[in-house]
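Working notes, beginning with the structure itself.
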Amino acid sequence: FAAQVQENGEILEQMKTNLKQSALQNLLSVITRSDTNNDEHIDENETEDLIGRIKSINMIELDQNHFRVAIRNSGGSLRSVIKIVKNLLEGNDNPSNERERKLFTLSM
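Listed below in structure tokens is the structure:
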């Protein structure tokens with residue numbers, strides 16, 4: 008019985024990992040698709056659209072105001088936003104600064 012409980016725990020952890028990766032991949036896809044004019048920058052209109060899309064992703068919570076500031080501070084660079092998400096995708100729980108850490112929260 009104990010072995011079965013341990014196995015179920017391991018399966019549950021793997022399922023959580025898979026869900027997290029799926030949610031973060033969705034986030035990355037949403038970010039790249041939000042650059043509607045393909046200029047590799049997220050302008051104010053695209054930012055609002057992006058925020059709406061991110062809010063629709065299950066398991067991801069977004070600090071909207073913090074996100075707007077981060078985009079503005081990066082000059083709207085698509086690469087900068089992707090870099091933040093890439094840190095999360097790679098399991099880096101220590102992004103390069105505190106702001107990046109607070110932009111997205113995964114809830115499971």
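Residue numbers (the working numbering): 8 to 115. For every residue, glycine included, the Cβ atom is placed at its ideal position computed from N, Cα and C.
Using the beta-carbon count (16 or more within 10 Å), is residue i buried or exposed?
i: Leu-19; result: exposed
i: Ala-30; result: buried
i: Phe-8; result: exposed
i: Glu-53; result: buried
i: Asp-100; result: Confidence at Asp-100 is low in this model, with a pLDDT of 47, below 50, so its placement is unreliable and the value that follows should be read with caution. Under this definition Asp-100 is an exposed residue.
i: Ser-41; result: buried
i: Val-12; result: exposed
Below 8 angstroms CB to CB, which residues in the same chain sit around residue i once its five sequence neighbours on both sides are set aside?
i: Arg-86; result: Glu-47
Skipping 5 residues on each side, what residues in its chain have a beta carbon closer than 7 angstroms to that of residue i?
i: Ser-114; result: Met-66 and Glu-68
Does the beta-carbon distance from residue i to residue j come in below 9 angstroms?
i: Lys-112; j: Asp-70; result: For the sequence presented, residue 112 should be read as Thr rather than Lys. Yes.
i: Leu-34; j: Val-92; result: yes
field: Three-pair Cβ contact test at 8 angstroms for the region 50-58 versus the region 68-77
entry: yes
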